[in-house]
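The sequence shown begins at 16 in the numbering used here and counts up by one. Built from N, CA and C at the ideal position, the CB exists for glycine as well. Before any comments, here is the structure.
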Amino acid sequence: MTTELYLLASLIALLVGLAVGKAWERYKLRDGRWIDRRRLRETPHYMLGLNFLVDNQVDQAIDELTQATSTDTDALEIQMILGNLYREKGQVGRAINVHQALLQRPDLTKLEHAYVLLCLGLDFRHGGFVDRALEAFQEVLQLDPRNRYALVNLQKLHEDQHQWAEALQVREQIAKIDAGRRPDDQQILGFLRNQIGSAQARDGGVIAAARTFSDAIDVDARTVPAYLNLGDVREQQGNIAAAVEAWERLIDAVPEHAYLAFERLERAYRTMGAPKRFIDLCNRLIEQSPQDWRTRLALSRHLSSAGEQRPAFDLLLDALSHHPHGLAIHQEVWAVLSGLGFEPALVKRYIALARDAVFYLDPHVCRHCRYRSTELLWQCPQCHEWNTFVEERIAPAKDTAVADALVNES
Ligand SMILES: [Zn+2]
């Protein structure tokens with residue numbers, strides 16, 4: 016929805032720009048259309064329609080723009096917008112009819128032709144007509160090879176069908192057009208390579224997969240899943256040391272996502288007969304970022320499974336003070352407390368700290384469309400953007416005495 020709206024807004028901006036800014040050139044190019052356009056603006060419907068559009072009142076915008084076109088049936092851009100509005104309302108068939116009718120006009124310029132086809136491609140995509148959408152976007156590119164909208168839509172269509180190699184090829188064209196001006200290009204190229212590697216690994220091509228995951232990391236060192244997957248295929252090949260190397264590299268490159276490698280590293284260190292390395296790693300990470308509750312939780316679990324309940328409990332309370340709403344921490348506290356026979360002094364400490372905690376279940380939010388998820392996702396299921404999830408944090412728990420003092424002050 017939001018991507019579509021954004022695209023719609025961009026299209027409208029572009030079309031309004033075309034209508035106003037280029038009017039003079041058009042007048043020179045094609046005698047007579049100037050009069051039409053002026054007549055168009057003399058009716059209130061055109062302006063009203065645009066205002067409703069800006070206000071997101073789609074039905075009213077359609078009414079006004081339809082009336083505006085009744086005085087000037089030639090107004091291409093208004094018909095295009097009307098078609099887009101029908102699509103936005105879910106009336107895809109109607110949108111397709113409007114845009115296909117525009118394609119029949121004999122006097123379309125190359126640019127106009129490309130943009131009508133682009134609208135039609137969006138209609139097809141919206142209606143789930145994948146092949147026809149692909150065809151329309153490819154036609155746009157024949158007319159206008161650097162059309163970024165068409166390329167982005169092609170990429171997304173390929174992604175929807177898990178055609179990762181094709182999606183990557185299209186994204187490389189986009190990156191060429193952007194020429195380094197947009198930092199998310201590298202990120203998307205990294206994630207798409209990671210998808211290709213995952214498909215190779217699933218088909219048993221472990222060596223090729225390992226190479227692709229390494230490529231993904233070279234393209235963008237922040238492609239987190241590529242490190243995890245690279246380690247996994249190396250582990251499959253029986254090379255634990257190389258697997259550990261990949262997972263440790265993740266921790267150096269993207270320390271805020273270190274926790275994703277914890278289970279793997281803990282297991283691998285144990286296999287290598289060096290379980291102490293996990294404790295050292297956790298302690299180093301806690302020192303590096305004192306707010307890191309996840310590392311405390313992981314270390315606590317590690318210690319409690321080794322029978323060291325007391326230090327495990329202390330770590331959990333530390334973790335809670337940084338992240339009072341973490342359900343996983345609370346659950347672990349109860350497990351450890353039970354291991355310690357619910358010692359009353361410890362239970363009291365916990366209750367004092369947990370008193371103001373509010374539980375919430377879906378802390379991961381897409382920066383792009385606000386989609387919420389209980390787990391960290393690399394591609395948003397709603398807007399299909401890559402690596403857009405951030406963790407929503409609520410203010411840390413305060414010592415109750417301090418909190419009461421603050422309330423009394425205000
Ligand atoms: Zn999203």
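Query	Result
May I ask whether a heavy atom of ligand 1 can be found less than 6 Å away from the beta carbon of Gln-202?	no
Considering only residues of the same chain and omitting the five flanking positions on each side of Asp-267, which have a CB-CB separation below 8 Å?	none
Determine which residues share a DSSP beta bridge with Gln-394 and list them.	Trp-401
Using DSSP bridges, identify the partner residues of Cys-381.	Phe-404
Does the distance between the C-beta of Gln-397 and the nearest non-hydrogen atom of ligand 1 fall short of 6 Å?	yes
Beta-carbon within less than 6 Å of Met-95's beta-carbon, same chain only, minus the 5 sequence neighbours each way: which residues are those?	Cys-134
Note down, in chain order, each residue of its chain lying with its Cβ closer than 8 Å to the Cβ of Gly-36, except the 5 sequence neighbours on either side.	Only weak support exists for where Gly-36 lies, its pLDDT of 40 falling under 50; the value from the coordinates is given anyway. Here the set comprises nothing.
From this set, Leu-117, Gly-142, Arg-140, which residue's C-alpha is nearest Tyr-130's C-alpha?	Leu-117
Cutting at 7 Å between CB atoms, please list the residues of its own chain near Tyr-274, excluding the five before and the five after it.	Arg-309, Thr-310, Ala-313
Going by DSSP in three states, Arg-387 sits in which element: helix, strand or coil?	strand
May I ask you to check if the CB of His-383 is nearer than 6 Å to at least one heavy atom of ligand 1?	yes
Would you kindly report the start and end of the unbroken alpha helix (DSSP H) that includes Ala-148?	145-158
Rounded to a whole number of angstroms, what is the C-alpha to C-alpha distance between His-337 and Arg-382?	23 Å
Our contact map puts Arg-186 next to Leu-207 with C-beta atoms below 8 Å; I'd like the distance itself, whole angstroms only.	6 Å
Ordered along the chain, which non-local residues of its own chain (more than five positions away) have a Cβ less than 6 Å from that of Ser-315?	Ala-327, Leu-330, Leu-331
Hey, quick one: how far does the alpha helix (DSSP H) through Val-234 stretch, first residue to last?	221-234
To the nearest angstrom, report how far apart Ala-190 and Arg-196 are at their CA atoms.	9 Å
I think Leu-245 touches Phe-228, with their Cβ atoms under 8 Å apart; what is that distance to the nearest whole Å?	4 Å
Taking C-alpha atoms, which residue in Glu-92, His-114, Val-380 lies nearest to Arg-102?	His-114
Reducing DSSP to helix, strand and coil, say where Phe-277 ends up.	helix
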